[in-house]
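Below you'll find the structure, written out as structure tokens, and then a few comments.
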Amino acid sequence: MHAAICGEGEGEAVQDPTQAHENEEILQENETGAPEICILLENETGAPEICILLKDSRPSSEAVSSFLRRRDTFGIAWLICVFIRKRKVRLPFQRLDFSGSTLSAGKAFLLLLHSLPLSMEELCLDTNFGETGLKELSKAAEAGRLSNLLHLSLDRIGNTDMDGDGMRSFGAALSSCDSVRPLKLQTLSLVGLRIGSGNGLSLILRRDVVPSLRELKVSFCKPAQVCMVEVVAAISRGDLVGLESLDLDGLDVLPLECSMLAGVLRRCLLPSLTRLNLDNWAVPKECLGSLLRAFAEKQERPPLEEVFLGVSGASVSHAAVLGSGEFSFVKHLSVSLVVMQEALAFLSALIEAAEGCVLERVDLQLWDVGGEGEVVVALAKALEKGKLGKVLRHLSIRNVAMDSTLQDAQKLPLFTSILKLETPMSSLQSLSLNSLDLDDSDLWWVGGIIRRGQMPNLRRMDLSENEFGPEGLKVLMEGVCALEGAVRNLESLALSCTQAGRQKSGIEAMGGAFCLGKLPSLRALYLGNCLMADATATCLVEALQPLRLPLFRTLDVQCNPMSPDGVDAFFEKIQRGSLVGLETLRIKNAQTDADRLGKTVAKAQREGKLPSLRIQGGLPA
């Protein structure tokens, strides 16, 4: 659509029949506090120069959204919105995204709400606007300014200070005004909202309010139980029959709510539902059966095509069902298995399914490797013979058996199986190998996996609570340095509760990797309780030289045998510019003198070091 000037003279647009009402409305709003500039614009004769400029530049929705997020450009964006709303210019303008804005829900936000173009179909707000912003949005809804919206996102709006009043006001505004209903909304995203207990969500999720709703996201809402009850109630009333996608991930619900959801997964209530997200949900073991039974009702269940499922524990039979791929629509599976028999059942089913496995992404957490390492052996077979190596995104193995010590014969199958894979584990983003008695020789295998480029997209590696020392850290870093870009995406490295800091050699090897730019994405380094004394800590600081870790944000060296003098030397060695982005520093130990540490930190900051460090009570937060 070409931009058209609609000022006075040739090409003047025919006045919209609702324009007079809108003008009167703006004047009335001004009397109650809206800025006087609204009246000035009413008296404009077309502002031809600005209109011509807009016609030539044709700003996109994305450009206007970027203007809205900053104080110094907000006025430009607001003027564009005003001219579009008043039909002074015509632009292909359908979306406003306020997410990431540096503005609060003050007068600027009110200006925007008064000026929303009627052509706008999508509006995105987020945290900065809080309870006040949501209440003002309610007023805009009552005035009909959201009547043409197809997509509304209020993700995490006011997630730190809301008590639910804003949600109640918003729900009441949408449901009580006959001039507003029904809305055209097709997508409603309320991720991370604190919805309270005032039935605000129930007021919105009604067929006479949102009859066209196709996609609903209430992930991570709080209280989770209230959210689940209100969503299930809306489904059971038949108010969400048009729903095609439902996101409930991150809701920490009880077995009762889980069973309630299973009870409404019926085609008669959700005839169009093809996508269901229960990831980050951890379906309790005791109610997993009711959910799987609902999935098994082929004639009664919704026409599901894609399900994200998070499971915390499973019976042996249910674990086998999940691993077998019996439900072809379960594409993404996150499973935490505490008991050895559950893990063996799941892995055996994966092996049997082999290439027939329909899973597209797997997050696997294993808590019991077995007295003879049976689970590790089964996992190795699943990686070698099945599709698991291609779809595994997160792998966490932890040996919780207190009286069990793993021998080499029990650990090596995992490392050798990964090395034998013909193709890299390109989906693997997180690897956690805790409490597996990994020693220096085992780190040679881990380094070999890195050296071979078997985990090119790894973002998080956690080797905490193991037995390796400086030599193990050295061979790990040799693997990092051997192949260009081997772990260039690694953001977090955890080596806490090991012996990696017992001598300087391991930290020096890590510094060499930093110097060569082998870990450019590293944001967090955890070296707590790793026997790091004063000399090694000083070596670590020297390794963190300027520009080597541009994204670095978190350093944990707490609970190490550093003396107060050693801590002072640690801060003294920090160079200006080397840790400019560091936000979190954990350095306390049993010898820490809070007053002395506070003075040391304050001195470092006065010298221009650690400008981003978070301070709480005079100490690093």
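All residue numbers for the sequence shown refer to UniProt numbering, where the first residue is 1 and numbers rise by one. Backbone N, C-alpha and C define an ideal beta-carbon position, used for all residues, glycine too.
| Query | Result |
| --- | --- |
| Could you check where the alpha helix (DSSP H) with MET510 kicks off and where it finishes? | 504-515 |
| Determine whether the beta carbon atoms of LEU522 and LEU495 lie at a separation below 9 angstroms. | no |
| With 16 as the cutoff for other CB atoms within 10 Å, does ASP595 come out buried or exposed? | exposed |
| Quick check on the burial criterion: 16 or more other C-beta atoms within 10 angstroms. Buried or exposed for VAL400? | exposed |
| Can you tell me whether DSSP reads THR584 as helix, strand or coil? | strand |
| How close, in whole Å, do the beta carbons of VAL311 and LEU288 come, if the pair is a contact with beta carbons under 8 angstroms? | 6 angstroms |
| What is the residue span of the beta strand (DSSP E) that VAL283 lies within? | 275-284 |
| I believe ALA535 touches LYS504 by the beta-carbon criterion, under 8 angstroms. Please report the beta-carbon distance rounded to the nearest angstrom. | 6 angstroms |
| Please look up how many angstroms separate the CB atoms of VAL541 and LYS573, rounded, as I've assumed it's under 8 angstroms. | 4 angstroms |
| Can you tell me whether residue 626 is buried or exposed? The criterion is at least 16 other CB atoms within 10 Å of its CB, across all chains shown. | Past the boundaries of the shown model lies residue 626; the chain is included only from 1 to 621, so the question cannot be answered. |
| May I ask which residues mark the beginning and end of the beta strand (DSSP E) holding PHE308? | 306-312 |
| So, THR187 versus SER153, is the Cβ gap smaller than 9 angstroms? | yes |
| Out of LEU443, VAL358, LYS420, which has the shortest C-alpha to C-alpha gap to PHE327? | VAL358 |
| Once the 5 residues before and after GLU300 are set aside, which same chain residues still bring their CB inside 7 angstroms of it? | ARG266, ARG267 |
| Does the beta-carbon distance from GLY263 to ALA294 come in below 9 angstroms? | yes |
| When the Cα of SER101 is compared with those of ILE157, HIS332, LEU414, LEU116, which residue comes out closest? | ILE157 |
| Taking C-alpha atoms, which residue in LEU344, SER441, LEU201, GLU384 lies nearest to MET425? | GLU384 |
| State whether the region 315-326 contacts the region 339-356, with contact taken as three or more CB pairs (one from each stretch) at a distance under 8 angstroms. | yes |
| Note down, one range per segment and in chain order, each alpha helix (DSSP H) of at least 4 residues found wholly within the region 351-410. | 374-385, 388-391 |
| Quick check: what's the CA-CA separation for ARG460 versus ALA513? | 17 angstroms |
| If you follow the beta strand (DSSP E) that SER324 is in, where does it begin and where does it stop? | Here SER324 belongs to no beta strand (DSSP E); instead the alpha helix (DSSP H) covers 316-324. |
| Can you give me the Cβ contacts of LEU116 inside the same chain, cut-off strictly under 6 angstroms, excluding the 5 residues immediately before and after it? | ARG145 |
| Going by beta carbon distance, what residues of the same chain come within less than 8 angstroms of PRO271, once the five residues before and after it are set aside? | VAL241, PRO302, PRO303 |
| What residues are listed by DSSP as bridge partners for MET461? | LEU431, LEU493 |
| For GLY192, which option in LEU251, VAL64, LEU243 has the closest C-alpha, if you only look at C-alpha atoms? | LEU251 |
| In chain order, which continuous runs of the beta strand (DSSP E) of length 3 or greater are located wholly inside the region 235-268? | 245-247 |
| Which partner residues does GLU189 have in the DSSP bridge list? | The sequence given here has Ser at residue 189, not Glu. DSSP output for SER189 lists SER153, LYS217 as bridge partner(s). |
| For PRO620, which three-state DSSP category applies? | strand |
| Looking only at its chain, what residues have a beta carbon closer than 6 angstroms to the beta carbon of ILE507, apart from the 5 residues adjacent to it on each side? | THR536, CYS539, LEU540 |
| Buried or exposed for LYS420, going by 16 or more other Cβ atoms inside 10 Å? | exposed |
| Based on the DSSP secondary-structure assignment, which residues constitute the bridge partners of ILE615? | PRO620 |
| Work out the CA separation of VAL391 and LEU412 for me, nearest whole Å. | 22 angstroms |
| If we ignore side chains and look at the alpha-carbon of each, how far apart do LEU134 and ARG275 end up? | 28 angstroms |
| Tell me whether the beta-carbon of GLU244 lies closer than 9 angstroms to the beta-carbon of ASN199. | no |
| Could you compute how far the alpha carbon of ALA590 sits from the alpha carbon of VAL209? | 60 angstroms |
| Check the C-beta distance from LEU431 over to LEU458 and give it rounded, since I have them as a contact under 8 angstroms. | 6 angstroms |
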